[in-house]
Amino acid sequence: MQFPITRQGLQDIAQFLIAGALLFGVLALVTRQRGNSPRRYLQSAGMLVGLTLVSYVLAFTVAPNIPTPPVPFTARFMTNPVPDTTENIDAGRRTFQENCAICHGSRALGDGAQAFTLNPKPFNLQVHVPLHATGEVFYWISNGVANTGMPAWEGKLTEEQRWQIIRYLDALAAKRIDQ
Ligand code: HEC
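Each residue of the sequence shown is one higher than the last, beginning at 59 in our numbering.
Have a look at this one:
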């Protein structure tokens, strides 16, 4: 079963709820200063805080059913150990064309030959890679993405090859290379 709302979506909702709770909190303060009863506003704020908790609990309990797998927090702090050189970018391009282009497309735009058979479809990596910490991208490439067609490459490509692909994708996304 696939849960229609993603963890990210639930966290976004929670942020709106927090903003709402703060607003009601401020209204309650203002009302009290004017000498009126802030009860109604406090009740609303309390309800929103409750809903915020529910959103977070759902986000982190139903999460295993959600396409984006929980990426360990530490992945954010990883840096690419492979230097940003033409040789590594070229090697990354070769590995990518051999293994990934069939789904992700030869320029990583998400338009590979096999893409239309997949649900969800591969994203445009030129857009998505810069949106994430490099260690998160490495984690997805290594472990795959749960409930999608994205396989894990840990046993199939060396660590160096996976980091070289990221050098290639970074260069592509930054338009330093054309393909
Ligand atoms: C069988 C098809 C297929 C192959 C082969 C494949 N992928 Fe994927 N990939 C997907 C799908 C489907 C997704 C999930 C949708 C998404 O997140 O883009 C995905 C997701 C990703 C993501 C996460 C993107 C994000 O922002 O969430 C990265 C990075 C990625 N793939 C890189 C690669 C690399 C590098 C290779 C080759 C070593 C590869 N993929 C091979 C289908 C594939």
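All C-beta atoms in this analysis are idealised placements derived from N, C-alpha and C, irrespective of residue type, glycine included.
Remember, predicted model here, so these are calculated numbers, not experimental data.
Problem set entry | Start-to-end residues for the alpha helix (DSSP H) that takes in Met105 | Here the alpha helix (DSSP H) through Met105 covers Arg97 to Thr119.
Exercise. Counting along the chain, where does the alpha helix (DSSP H) carrying His190 start and finish?
Worked result: DSSP places His190 in no alpha helix (DSSP H); its state is neither H nor E.
Exercise. In terms of residue numbering, what span does the alpha helix (DSSP H) encompassing Gly148 cover?
Worked result: A small correction: the amino acid at residue 148 is Asp; Gly does not occupy that position in the sequence shown. Unbroken alpha helix (DSSP H) run through Asp148: Thr144 to Asn157.
For this session: Decide yes or no for the touch test of the segment 80–99 against the segment 145–157: beta carbon pairs closer than 8 Å, at least 3 of them.
Result: Segment contact: the segment 80–99 against the segment 145–157, fewer than three CB-CB distances shorter than 8 Å; contact not assigned.
Exercise. For Pro180, which residues of its own chain have a beta-carbon under 6 Å away from its beta-carbon, when the five flanking residues on both sides are left out?
Worked result: Close CB contacts of Pro180 within its chain, under the 6 Å cut and outside five residues either way in sequence, are with Cys161, His162, Gly168 and Ala173 (chain order).
For this session: Please report how far the alpha carbon of Met105 lies from the alpha carbon of Phe118, in whole angstroms.
Result: Approximately 20 Å, taken between the alpha carbons.
Problem set entry | Under the three-state DSSP convention, the category Trp211 falls into | Of the three classes helix, strand and coil, the one that applies to Trp211 here is coil, per DSSP.
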